[in-house]
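Student:
There are 2 protein chains.
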Amino acid sequence: MSKPGGTAGSRDIMATTPAFPSEPSPADGPDTTAPAFGDAGGMAPAAPAFSPLYQQIKTLILRSLQAGEWKPGDMIPSEFDLAARFRVSQGTVRKAIDELATDNLLVRRQGKGTFVATHAEQHIQYRFLRLLPDAGNLAQQGPAERRIIECRRLRASAEVARQLALRTGDPILQVKRVLAFAGSPAILEDLWLPGGPFKGLTVETLSDDKGPMYALFETQFGVRMVRAVEKIKAVAADADAARLLDVPEGHPLLSVERLAYTYNDVPMELRRGLYRTESRHYRNELS
Amino acid sequence: MSKPGGTAGSRDIMATTPAFPSEPSPADGPDTTAPAFGDAGGMAPAAPAFSPLYQQIKTLILRSLQAGEWKPGDMIPSEFDLAARFRVSQGTVRKAIDELATDNLLVRRQGKGTFVATHAEQHIQYRFLRLLPDAGNLAQQGPAERRIIECRRLRASAEVARQLALRTGDPILQVKRVLAFAGSPAILEDLWLPGGPFKGLTVETLSDDKGPMYALFETQFGVRMVRAVEKIKAVAADADAARLLDVPEGHPLLSVERLAYTYNDVPMELRRGLYRTESRHYRNELS
DNA sequence: CAGTGGTCTAGACCACACT
DNA sequence: GTGTGGTCTAGACCACTGC
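Residue numbers (UniProt numbering), protein chains in the order written: chain R, 1 to 287; chain L, 1 to 287.
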């Protein structure tokens with residue numbers, strides 16, 4: 001062995017890695033060892049933040065996902081190939097992929113490969129919908145009926161702009177719809193989407209679609225929702241909600257306000273759902 | 001090297017590992033390769049379920065935790081020591097500990113050691129309380145005031161028995177309390193606890209205690225809550241809740257029904273909380 | 001069969017905390 | 001300095017999938 005054992009040190013993959021593999025790049029010998037992250041100016045002369053190799057690899061993979069090099073459902077290169085591409089050992093790539101897999105960005109399938117996670121095609125559809133029937137033995141049902149109430153183009157209010165990281169007055173889309181199970185309305189949702197990425201979204205597009213809305217977003221607009229944060233409250237139904245959900249005014253409803261993010265924590269959807277919970281509940285696991 | 005490279009095969013640690021390390025045990029040479037898990041009788045001649053070594057190690061560590069060999073807050077033996085004890089490599093122990101750490105059963109602290117997780121003493125107190133103020137910049141507050149309404153000994157109803165894996169009529173404890181923030185009542189909780197493990201729990205014990213109730217359970221009763229499942233609904237305040245939470249009858253409240261488990265998925269607490277959510281919300285992250 | 005992820009090992013070195 | 005967890009490598013072999 002010409003190069004025995006561990007070679008920890010601090011290397012900076014970011015600075016010297018080609019976008020695609022090729023022959024050994026020339027200026028690569030002495031390994032100049034620049035810090036992975038520069039000191040973001042300001043006070044705190046602090047430590048330059050040591051970044052392990054596998055974290056850098058993770059960032060690079062993330063970058064490729066974001067750039068669309070591999071699309072939802074695609075198989076990414078094997079660990080061995082990626083190791084060659086990034087000039088690290090397979091184990092290091094493995095650790096990076098492990099973390100991306102636990103974040104649900106990638107899905108490993110033994111014997112087949114590693115795939116970009118998707119909201120479509122997976123057996124676990126409606127991954128972000130946590131409303132379950134009280135009784136039904138975990139019978140995970142997709143919403144039987146949906147009705148699009150409206151899909152309007154308008155300008156962002158200060159509040160919506162803030163949450164979607166836009167400017168007040170920027171163009172946005174608003175969608176309002178009702179989901180029903182077995183003929184009984186259960187969910188009333190309002191969505192606010194940034195106008196840019198979702199240009200061309202219409203009532204027809206939404207109405208024609210079966211399957212999860214996030215799957216539609218992936219295939220039609222290239223927008224992949226990666227994580228979300230929900231704020232849950234109990235509220236009384238106002239006149240509008242009461243009518244659309246077929247409950248008396250003042251009836252208690254679960255208000256679920258969701259902010260959903262794509263890669264790199266970019267907010268891409270604000271959603272407010274009102275759930276009827278007489279015979280269903282929002283399920284959550286703590287640990 | 002006398003024993004080069006990988007030694008995967010299938011080994012069964014469970015069958016041959018002493019509780020504590022000693023000199024090399026005699027009957028260890030040829031590695032008899034018994035299946036880790038026998039075919040649990042029945043149909044399905046199926047595969048005996050291959051179990052990786054690190055999973056077996058994980059089970060063994062779990063067993064020690066459950067048996068109280070290491071108590072909440074304790075440091076467990078180093079990876080190196082555990083590797084010697086279980087006669088595997090450090091890397092295998094590491095993988096087992098990794099999983100236990102992501103399950104929040106253990107906490108790794110670089111340079112110090114690996115510790116048994118606890119609900120006490122951690123900076124992240126009230127780990128299972130997801131109610132946050134709408135405005136306050138994440139100002140995580142412990143409930144300022146608590147008032148124990150009652151603590152009764154009684155017999156389990158069919159429903160409570162089912163959920164706590166007891167038999168109808170088994171002795172249980174019921175606790176009712178109110179939590180308030182800044183003088184304003186916010187949470188009304190009913191708890192049902194199995195009588196056996198919590199023998200001796202009184203209003204006084206509860207009233208005298210500051211800090212998280214789960215910390216009290218650990219120190220006084222040796223019961224450690226490991227995970228929980230919550231079912232959330234919107235309900236209208238009944239007369240009792242209205243009085244105790246100082247809201248009008250019919251006011252919308254968040255109903256949070258929690259079943260909490262110790263090690264090995266043994267249910268140990270059923271809890272039903274009613275939350276006021278006019279200026280607070282239940283926060284949840286999806287991914 | 002080859003290719004992929006999954007497990008296991010052994011050893012070197014780094015970062016961190018305490019003494 | 002010593003001991004702990006954390007990173008990285010290299011290589012062998014196992015389990016699963018599909019050709």
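We treat Cβ as the ideally placed atom computed from N, Cα and C, and that holds for glycine.
Note that this is a predicted model, so its numbers are computed, not measured.
In this structure, does DSSP put P24 (chain L) in helix, strand or coil?
Tutor: In the second sequence, residue 24 (chain L) corresponds to position 24, counting from 1. Note that P24 (chain L) has pLDDT 37, beneath the 50 cutoff, so the model's placement of it is unreliable and the number below is only indicative. Of the three classes helix, strand and coil, the one that applies to P24 (chain L) here is coil, per DSSP.
Student: Could you pull the DSSP bridge partners for M75 (chain R) from this structure?
Tutor: On the first sequence, position 75 is the one that residue 75 (chain R) refers to. DSSP output for M75 (chain R) lists R:F115 as bridge partner(s).
Student: Given a limit of 7 Å on CB to CB distance, which residues of the stretch 93-108 of chain R reach chain L?
Tutor: Here the close residues are D103, N104.
Student: In three-state terms, what does DSSP make of K58 (chain L)?
Tutor: Here residue 58 (chain L) corresponds to residue number 58 of the second sequence, with the count starting at 1. DSSP places K58 (chain L) in helix when its eight states are reduced to three.
Student: Since Y282 (chain L) meets chain R, which of its residues come closer than 7 Å, beta carbon to beta carbon?
Tutor: Along the second sequence, read from residue 1 onward, the residue named residue 282 (chain L) stands at position 282. In chain order: I232.
Student: Out of L:V175, L:A156, L:L164, state which residue places its alpha-carbon closest to the alpha-carbon of residue 289 (chain L).
Tutor: Past the boundaries of the shown model lies residue 289 (chain L); chain L is included only from 1 to 287, so the question cannot be answered.
Student: Against chain R, with Cβ distances strictly below 8 Å, would residue 310 (chain L) count as a contact?
Tutor: Since the first residue shown for chain L is 1 and the last is 287, residue 310 (chain L) is missing from the structure and cannot be characterised.
Student: Helix, strand or coil for E189 (chain L)? Go by DSSP, reduced to three states.
Tutor: Taking the first residue of the second sequence as position 1, residue 189 (chain L) is located at position 189. Strand.
Student: Pick helix, strand or coil for K199 (chain L), following the three-state DSSP scheme.
Tutor: As a position in the second sequence, residue 199 (chain L) is number 199, starting the count at 1. Three-state DSSP puts K199 (chain L) in coil, outside helix and strand.
Student: When you check each C-beta in the stretch 112-133 of chain R against every C-beta of chain L, which residues fall closer than 9 Å?
Tutor: Of all residues in the stretch 112-133 of chain R, R127, F128, R130, L132 have a Cβ within less than 9 Å of some Cβ in chain L.
Student: Check each candidate in L:L244, L:K199, L:G211, L:V203 and name the one with the smallest Cα separation from F221 (chain L).
Tutor: The residue you call residue 221 (chain L) lines up with position 221 of the second sequence. If we check each option's Cα against that of F221 (chain L), L:K199 comes out closest.
Student: What does P252 (chain L) touch in chain R if you count any residue whose Cβ is under 7 Å from its own?
Tutor: For the purposes of this step, residue 252 (chain L) is identified with residue 252 of the second sequence, where counting begins at 1. Correct list: A234, V235, A236, P252.
Student: Whose C-alpha, out of L:T102, L:D74, L:P72, L:L286, is nearest the C-alpha of R58 (chain L)?
Tutor: As a working note, residue 58 (chain L) is residue 58 in the second sequence. According to the sequence provided, residue 58 (chain L) is Lys. The question's Arg does not apply to it. Selected option, being the one with the closest Cα: L:T102.
Student: Give me the DSSP bridge partner(s) of S255 (chain L).
Tutor: Indexing the second sequence from 1 puts residue 255 (chain L) at position 255. Partner(s): L:K233, L:L274.
Student: Using a Cβ cut-off of 9 Å, which residues of the stretch 211-223 of chain R contact any Cβ in chain L, in chain order?
Tutor: Result list empty, no residue passes.
Student: Cβ atoms of R258 (chain R) and A228 (chain R): under 8 Å apart, would you say?
Tutor: Here residue 228 (chain R) refers to the residue found at position 228 of the first sequence. Here residue 258 (chain R) refers to the residue found at position 258 of the first sequence. Cβ atoms of A228 (chain R) and R258 (chain R): closer than 8 Å.
Student: So T277 (chain R) contacts chain L; which residues on that side make the cut at Cβ distance below 9 Å?
Tutor: Position 277 of the first sequence, counted from the first residue, corresponds to residue 277 (chain R). Result: I232, K233, A234, V235, S255.
Student: Please state if the CB of Q110 (chain R) and the CB of P212 (chain R) are separated by a distance shorter than 8 Å.
Tutor: Here residue 212 (chain R) is taken as the residue at index 212 of the first sequence, counted from 1. Here residue 110 (chain R) is taken as the residue at index 110 of the first sequence, counted from 1. Cβ distance not < 8 Å, so P212 (chain R) and Q110 (chain R) don't count as in contact.
Student: Where does R11 (chain L) fall in DSSP's three states?
Tutor: Numbered from its first residue, the second sequence carries residue 11 (chain L) at position 11. Looking at R11 (chain L) - three-state DSSP - the assignment turns out to be coil, as it is neither helix nor strand.
Student: Under DSSP, the beta strand (DSSP E) around E145 (chain R) begins and ends at which residues?
Tutor: Along the first sequence, one-based indexing puts residue 145 (chain R) at 145. It spans 145-155 - the beta strand (DSSP E) in which E145 (chain R) sits, taken as one unbroken run.
Student: Would you mind giving the Cβ-Cβ distance between A241 (chain L) and L253 (chain L), rounded to the nearest angstrom? I have them listed as a contact below 8 Å.
Tutor: Start at 1 with the first residue of the second sequence, and residue 241 (chain L) comes out as number 241. Start at 1 with the first residue of the second sequence, and residue 253 (chain L) comes out as number 253. That belief holds up - the Cβ atoms of A241 (chain L) and L253 (chain L) are roughly 7 Å apart, short of 8 Å.
Student: Distance check for G73 (chain R) and E218 (chain R), CA to CA, integer angstroms please.
Tutor: Here the question's residue 218 (chain R) lines up with position 218 in the first sequence. Here the question's residue 73 (chain R) lines up with position 73 in the first sequence. In a straight line, the C-alpha of E218 (chain R) is about 10 Å away from that of G73 (chain R).
Student: Kindly indicate which three-state DSSP category K210 (chain L) falls into: helix, strand or coil?
Tutor: Start at 1 with the first residue of the second sequence, and residue 210 (chain L) comes out as number 210. Of the three classes helix, strand and coil, the one that applies to K210 (chain L) here is coil, per DSSP.
Student: If we count the other Cβ atoms within 10 Å of its Cβ and call it buried at 16 or more, is A46 (chain L) buried or exposed?
Tutor: Here residue 46 (chain L) refers to the residue found at position 46 when the second sequence is read from its first residue. Caution is warranted here: a pLDDT of 43 is assigned to A46 (chain L), below 50, making its placement in the model unreliable, and no coordinate value can be reported.
Student: Using the rule of at least 16 other Cβ atoms within 10 Å of the residue's Cβ for burial, across every protein chain shown, is M75 (chain R) buried or exposed?
Tutor: Numbered from 1 along the first sequence, position 75 holds the residue referred to as residue 75 (chain R). Label assigned to M75 (chain R): exposed.
Student: Can you name the residues that DSSP bridges to N284 (chain L)?
Tutor: By one-based count along the second sequence, residue 284 (chain L) stands at place 284. Answer by DSSP bridge pairing, in chain order: R:E230.
Student: For a cutoff of 8 Å on Cβ pairs, would you count L286 (chain L) as touching chain R?
Tutor: Residue numbering aside, residue 286 (chain L) sits at position 286 when the second sequence is read from its first letter. Yes, L286 (chain L) lies at the interface with chain R (some Cβ there is under 8 Å from its Cβ).
Student: If we call anything under 8 Å between Cβ atoms a contact, is E230 (chain R) one with V266 (chain R)?
Tutor: Indexing the first sequence from 1 puts residue 230 (chain R) at position 230. Indexing the first sequence from 1 puts residue 266 (chain R) at position 266. Not closer than 8 Å, so no.
Student: Taking 7 Å as the limit between beta carbons, can you name the residues of its chain near L65 (chain L), skipping five residues before and five after?
Tutor: Position 65 of the second sequence, counted from the first residue, corresponds to residue 65 (chain L). The residues are L105, V116, Y263.
Student: Taking only three categories from DSSP, how would you classify V175 (chain L)?
Tutor: Here residue 175 (chain L) corresponds to residue number 175 of the second sequence, with the count starting at 1. It is a strand residue.
Student: Taking a contact to mean a Cβ-Cβ separation below 8 Å, would you say E79 (chain R) touches R63 (chain R) in this structure?
Tutor: For the purposes of this step, residue 79 (chain R) is taken as residue 79 along the first sequence, with counting starting at 1. For the purposes of this step, residue 63 (chain R) is taken as residue 63 along the first sequence, with counting starting at 1. Not a contact, by the Cβ cut-off of 8 Å.
Student: Return helix, strand or coil for V160 (chain R), following the three-state DSSP convention.
Tutor: By one-based count along the first sequence, residue 160 (chain R) stands at place 160. If DSSP states are grouped into helix, strand and coil, V160 (chain R) belongs with the helices.
Student: Identify whether F181 (chain R) lies in helix, strand or coil by the three-state DSSP scheme.
Tutor: One-based indexing of the first sequence puts residue 181 (chain R) at position 181. Here F181 (chain R) sits in strand by DSSP.
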